[in-house]
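A short write-up of the structure that comes next.
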Amino acid sequence: VQLQASGGGLVQPGGSLRLSCAASGGGFSINRMGWYSQAPGKQRELVATITSGGTTNYADSVKGRFTISRDNAKNTVYLQMNSLKPEDTGVYYCNLHATVTGGDYWGQGTLVTVSS
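Under my numbering, the first residue of the sequence shown is numbered 18, with each subsequent residue one higher.
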């Protein structure tokens, strides 16, 4: 499975970004996809996940600001990030968890910097 993430960049506080992650080479129709962030000097943390059935889960820190969605036909997951804060800065990694096999796959990460 290959995961290709895109959409990171530099944005001012209060701004918005949309991340995308396309999965290929898998064939895992039942899975959970999501985004994790890693700030400098900190561990990787959950941002949001979405199952192939559409059930979502968010970190408390992003509830009401971020929206995760997916297009199963395109094997792509999106993260719409609004009202960004400096503490949202970090490398955002796309993840695919294959529900049946338990396998975890990671994308290469995309940098999000929130700064004035």
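Ideal Cβ placement from N, Cα and C applies to all residues, glycine included. Keep in mind it's a predicted model, so treat the numbers as computed, not measured.
Cβ pair residue i, residue j closer than 7 Å
i	j	result
T93	I85	no
S33	N99	yes
L20	Y109	no
M50	L113	yes
G120	C38	no
G24	R35	yes
N48	A90	no
T127	A22	yes
Own chain partners of residue i with C-beta closer than 6 Å, once the 5 adjacent residues on each side are dropped
i	result
D105	V131
Backbone secondary structure at residue i - three-state DSSP
i	result
S100	coil
S78	helix
R87	strand
Where the beta strand (DSSP E) through residue i begins and ends
i	result
D121	D121 to W123
Q55	N48 to Q55
T130	T127 to V131
S33	S33 -> no beta strand (DSSP E), and no H or E assigned at all.
V28	G26 to V28
V108	G107 to A115
Cut-off 8 Å between Cβ atoms - residues of its own chain near residue i, not counting five sequence neighbours on either side
i	result
A76	E62, L63, V64 and A65
F83	V64, A65, Y75, L96, Q97, M98 and N99
For residue i: DSSP bridge partner residues
i	result
A39	Q21 and T93
T73	I67
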